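Undergrad: For reference, the structure I am asking about is given below.
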């Protein structure tokens, strides 16, 4: 089966992108990455003293895993800050891919849509492949696409909350209204069933970090997410049956007059 | 046997002291003036918190950590005999708290401890508001806490000083104020020259990075405060989705507040953001911290291997003892015991791993290896 997807010219098999922060050790991170079969790893640099290459040892460890790296601008609060960091990350990681995060609210780590759009516009013009971490607002998402983003990363719930898809309706709207734009649910997923649900809805992929890193056994949880993502994707391709209000026996029950069924007022 | 120790931080000092007690001649080399000011162990909080740490990094350090606390009890008595100094330490346990909005963190923490099998025989106690007030009246802002009565904490600076006195009294030789450039088989090379020994121990922590494959630094930032308005008798951990801090009391109303943990090898001074995070979280623990004085803000790199567990690398005539990560005091005694065991030809203790050092393909070390007898098992 060759169910692949494309983003910025890359063809990817895996629909699970993994973050690299907060694992019990780099060794467990490496094992979790292997178990997840992720092809894209996000990496943060804001607080690692990037100007003096402070994070080099850790970054080299991540580089040795041989995955496509997606550096992020986590920890930035303005477009200016995020743009500067994106430029620095292009030098450091030799990739024009950037996961653009601009925080608008510190407690929720909620993206600032205005600063985000501004930074996305500038960075796209500079040739960056921008992966914007955004809310699930349709109009914002459209504007980001207009600004040059070829992929969108709407949240499922605020970062690190593990709440799952708080607004499946909004996500489904994005799937329907922005056909041809790969959508990656980023942030807020807590359990594999959340990831399966996202793929069932027709999202292209999910991005996780905390749900794996802070699990009791991150390696096992990475595997669980890999399976859930595969299951959700298969379900989407298979096409789910419609929901009905009442049970419908899959085999006919001979000898049961229909008025005996609930709802027809018959005696039971 | 004449043992040369490169690096007089926590591990170097402990090893020197134990080797002197076992009757060996010891020379201790350090870039400092012997006070340990530049060692990671000097600025640490020195908490002996096997339960708290196992909850976040894994069960493999729980039993070793408990064993180390028992070892500290014995060692601190022996150190008092050797140095005439009593190192303050307390065994009243740790209190773990979270604010009302973050109660889920506290439950998660407790759940992790139960999964680790740590619930047995009173090692993990849930305190309600009344019980918490009785234990620690100053933690008035909290409705509940997890009490880990078997955890402990020691005064690391007093320990550094007592070890220095003991090493002096037992006849150890200090070579201070010389930056160490290499620790090789049977020799320690400083800026001032090469010193020949029977066995060289490399205890430089993050300073050994250039010579130790797989070692990295994990930046930590820590504050030392004096807070006369706050009376806390034991270490406290504040759980928060992002800004986790701990606080360890020291004599004279001092507190050590830590620590950030960044995958960075920058040794630059503490950043504003880290100050803000540590101090904002601290202020929510007790309003009396508002008038506390910030005595020191220090940063350092914890030496760590990829599994974040300690490791000893062996080669004839040299042993590299490193990788204590954020568990210098929790696992330090076991690392030291492991090094001593290896010198006697016995196996190391869990969770310390032992690797044979790969040969450095330099003409000098090749020549060295031909002339040096196997040092392992010399003792």
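Residue numbers (the working numbering), protein chains in the order written: chain A, 39 to 306; chain B, 4 to 382.
Every residue, glycine too, gets a C-beta built ideally from N, C-alpha and C.
The structure presented is a predicted model; accordingly, all values stated were derived computationally and were not measured.
Let's test the definition: count the other Cβ atoms within 10 Å of the Cβ of residue 150 of chain A and tell me whether it reaches 16, buried, or not, exposed.
TA: As a working note, residue 150 of chain A is residue 112 in the first chain. So residue 150 of chain A counts as buried.
Undergrad: Measuring CA to CA, which of B:62, B:262, B:34 is closest to residue 242 of chain B?
TA: Position 239 of the second chain holds residue 242 of chain B. For the residues B:62, B:262, B:34, the minimum Cα distance to residue 242 of chain B belongs to B:262.
Undergrad: Find the residues of chain B that neighbour residue 116 of chain A, judging by a C-beta separation of less than 9 Å, and give them in chain order.
TA: The sequence position of residue 116 of chain A within the first chain is 78, counting from 1. In chain order: nothing, as chain B lies at least about 14 Å away.
Undergrad: Could you run through the stretch 71–88 of chain A and flag, in chain order, every residue whose CB is less than 8 Å away from some CB of chain B?
TA: Residues 85, 86, 87.
Undergrad: Just checking my contact of residue 9 of chain B with residue 203 of chain B at CB under 8 Å: how many whole Å lie between their CB atoms?
TA: The residue you call residue 9 of chain B lines up with position 6 of the second chain. The residue you call residue 203 of chain B lines up with position 200 of the second chain. Confirmed, Cβ separation roughly 7 Å.
Undergrad: Listed in chain order, which residues of the stretch 248–270 of chain B have Cβ atoms closer than 8 Å to some Cβ of chain A?
TA: Residues 265, 266, 267, 268, 269.
Undergrad: Kindly indicate if chain B contains any beta-carbon less than 9 Å away from that of residue 68 of chain A.
TA: Within the first chain, numbered from 1, the residue matching residue 68 of chain A stands at position 30. Chain B contact via Cβ: present.
Undergrad: Between residue 178 of chain A and residue 199 of chain A, what straight-line distance do the alpha-carbon atoms span, to the nearest angstrom?
TA: One-based indexing of the first chain puts residue 178 of chain A at position 140. One-based indexing of the first chain puts residue 199 of chain A at position 161. Approximately 23 Å between the Cα atoms of the pair.
Undergrad: Should the stretch 300–312 of chain B be regarded as contacting the stretch 127–142 of chain A, the criterion being three or more beta carbon pairs within less than 8 Å?
TA: Result no; under three Cβ-Cβ pairs closer than 8 Å.
Undergrad: Check distances from the C-beta atoms of the stretch 140–159 of chain A to those of chain C and list, in chain order, the residues that come in under 7 Å.
TA: Absence of chain C from the displayed structure is noted, the protein chains being A and B.
Undergrad: Residues in the same chain with beta-carbon distance under 7 Å from residue 134 of chain A, minus the five sequence neighbours each way, listed in chain order, please.
TA: In the first chain, residue 134 of chain A corresponds to position 96, counting from 1. Hits under 7 Å: 128, 165, 166, 167.
Undergrad: Are the C-beta of residue 55 of chain B and some C-beta of chain A separated by less than 9 Å?
TA: On the second chain, residue 55 of chain B is found 52 positions in, with the first residue counted as 1. No, no contact with chain A.
Undergrad: Does the pairing of the stretch 64–84 of chain A with the stretch 104–113 of chain A give three or more beta-carbon distances under 8 Å?
TA: These segments touch.
Undergrad: Using a Cβ cut-off of 9 Å, pull out every chain A residue sitting near residue 311 of chain B, in sequence order please.
TA: Working through the second chain from its first residue, we reach residue 311 of chain B at position 308. Neighbours of residue 311 of chain B on chain A, chain order: 62, 63, 64, 65, 66.
Undergrad: Using a Cβ-Cβ distance cut-off of 9 Å, determine whether residue 95 of chain A contacts chain B.
TA: What you label residue 95 of chain A is simply residue 57 of the first chain in a count that begins at 1. Yes, residue 95 of chain A lies at the interface with chain B (some Cβ there is under 9 Å from its Cβ).
Undergrad: Could you tell me whether the Cβ of residue 52 of chain A comes closer than 9 Å to any Cβ of chain B?
TA: Mapped onto the first chain, residue 52 of chain A falls at position 14. Not an interface residue.
Undergrad: Could you tell me the distance, in whole angstroms, from the CA atom of residue 18 of chain B to the CA atom of residue 7 of chain B?
TA: The residue given as residue 18 of chain B occupies position 15 in the second chain. The residue given as residue 7 of chain B occupies position 4 in the second chain. Each residue's Cα considered, the two are about 10 Å apart.
Undergrad: Pull out every residue of the stretch 61–74 of chain B whose Cβ sits closer than 7 Å to any Cβ of chain A, in chain order.
TA: Correct list: 61.
Undergrad: Does residue 120 of chain B pass the burial test, meaning 16 or more other C-beta atoms within 10 Å, or should it be called exposed?
TA: What you label residue 120 of chain B is simply residue 117 of the second chain in a count that begins at 1. Exposed: under 16 other Cβ atoms inside 10 Å.
Undergrad: How is residue 365 of chain B classed by DSSP in three states: helix, strand or coil?
TA: By 1-based counting over the second chain, the position of residue 365 of chain B is 362. Unreliable positioning characterises residue 365 of chain B in this predicted model, as indicated by a pLDDT of 46, which lies under 50. The coordinate reading is nonetheless provided below. Three-state result, residue 365 of chain B: coil.
Undergrad: Evaluate residue 327 of chain B with the Cβ neighbour count: other Cβ atoms within 10 Å of its Cβ, from every protein chain shown; 16 or more gives buried, anything less gives exposed.
TA: By 1-based counting over the second chain, the position of residue 327 of chain B is 324. Classification of residue 327 of chain B: buried, given that the 10 Å Cβ count is 16 or more.
Undergrad: So, does the CB of residue 254 of chain A fall closer than 9 Å to a CB anywhere in chain B?
TA: Your numbering for residue 254 of chain A matches position 216 in the first chain. Residue 254 of chain A counts as touching chain B.
Undergrad: Check whether the Cβ atoms of residue 257 of chain A and residue 121 of chain A sit closer than 9 Å, and answer yes or no.
TA: Taking the first residue of the first chain as position 1, residue 257 of chain A is located at position 219. Taking the first residue of the first chain as position 1, residue 121 of chain A is located at position 83. In this structure, residue 121 of chain A does not lie closer than 9 Å to residue 257 of chain A by Cβ.
Undergrad: Of all the options B:72, B:184, B:250, which has the alpha carbon lying nearest to the alpha carbon of residue 214 of chain B?
TA: As a position in the second chain, residue 214 of chain B is number 211, starting the count at 1. When only C-alpha atoms are compared, the closest one is B:184.
Undergrad: If we count the other Cβ atoms within 10 Å of its Cβ and call it buried at 16 or more, is residue 57 of chain A buried or exposed?
TA: As a position in the first chain, residue 57 of chain A is number 19, starting the count at 1. Buried: at least 16 other Cβ atoms inside 10 Å.
Undergrad: Using a 10 Å radius around the Cβ and a threshold of 16 neighbouring Cβ atoms, would you call residue 117 of chain A buried or exposed?
TA: Sequence index remark: in the first chain, residue 117 of chain A carries index 79 (1-based). Classification of residue 117 of chain A: buried, given that the 10 Å Cβ count is 16 or more.
Undergrad: Note down the Cα distance separating residue 352 of chain B from residue 66 of chain B, rounded to an integer number of angstroms.
TA: Start at 1 with the first residue of the second chain, and residue 352 of chain B comes out as number 349. Start at 1 with the first residue of the second chain, and residue 66 of chain B comes out as number 63. So the two alpha carbons sit approximately 11 Å from each other.
Undergrad: Sort B:227, B:38, B:35, B:54 by Cα distance to residue 117 of chain B and report the nearest one.
TA: Against the second chain, residue 117 of chain B aligns to sequence position 114. Measuring from the Cα of residue 117 of chain B, the nearest candidate turns out to be B:54.
Undergrad: Quick check on this structure: which residue in A:221, A:247, A:228 has the alpha carbon closest to the alpha carbon of residue 237 of chain A?
TA: Here residue 237 of chain A corresponds to residue number 199 of the first chain, with the count starting at 1. It is A:221.
Undergrad: Compute the beta-carbon to beta-carbon distance between residue 62 of chain A and residue 96 of chain A, rounded to the nearest angstrom, for a pair I have assumed lies under 8 Å.
TA: Numbered from its first residue, the first chain carries residue 62 of chain A at position 24. Numbered from its first residue, the first chain carries residue 96 of chain A at position 58. At roughly 14 Å, the Cβ-Cβ gap does not stay under 8 Å, so residue 62 of chain A and residue 96 of chain A are not in contact.
Undergrad: For the alpha helix (DSSP H) that contains residue 156 of chain B, what are its first and last residues?
TA: In the second chain, counting from the first residue as 1, residue 156 of chain B sits at position 153. Not the alpha helix (DSSP H): residue 156 of chain B falls in the beta strand (DSSP E), residues 155–157.
Undergrad: Residues in its own chain within less than 6 Å of residue 63 of chain B by CB, not counting five upstream and five downstream?
TA: Here the question's residue 63 of chain B lines up with position 60 in the second chain. Cβ within range, chain order: 354.
Undergrad: By DSSP, does residue 261 of chain A sit in helix, in strand, or in coil?
TA: Along the first chain, read from residue 1 onward, the residue named residue 261 of chain A stands at position 223. Residue 261 of chain A falls in the helix class under three-state DSSP.
Undergrad: For residue 144 of chain A, which of helix, strand or coil comes out of DSSP?
TA: Residue numbering aside, residue 144 of chain A sits at position 106 when the first chain is read from its first letter. DSSP places residue 144 of chain A in coil when its eight states are reduced to three.
Undergrad: Compare the C-alpha of residue 92 of chain B against each of B:286, B:238, B:293, B:270 and name the closest.
TA: Counting from one through the second chain, the residue named residue 92 of chain B turns up at place 89. Answer by Cα proximity: B:238.
Undergrad: Are any of the Cβ atoms in chain A nearer than 9 Å to that of residue 47 of chain B?
TA: Taking the first residue of the second chain as position 1, residue 47 of chain B is located at position 44. Not an interface residue.
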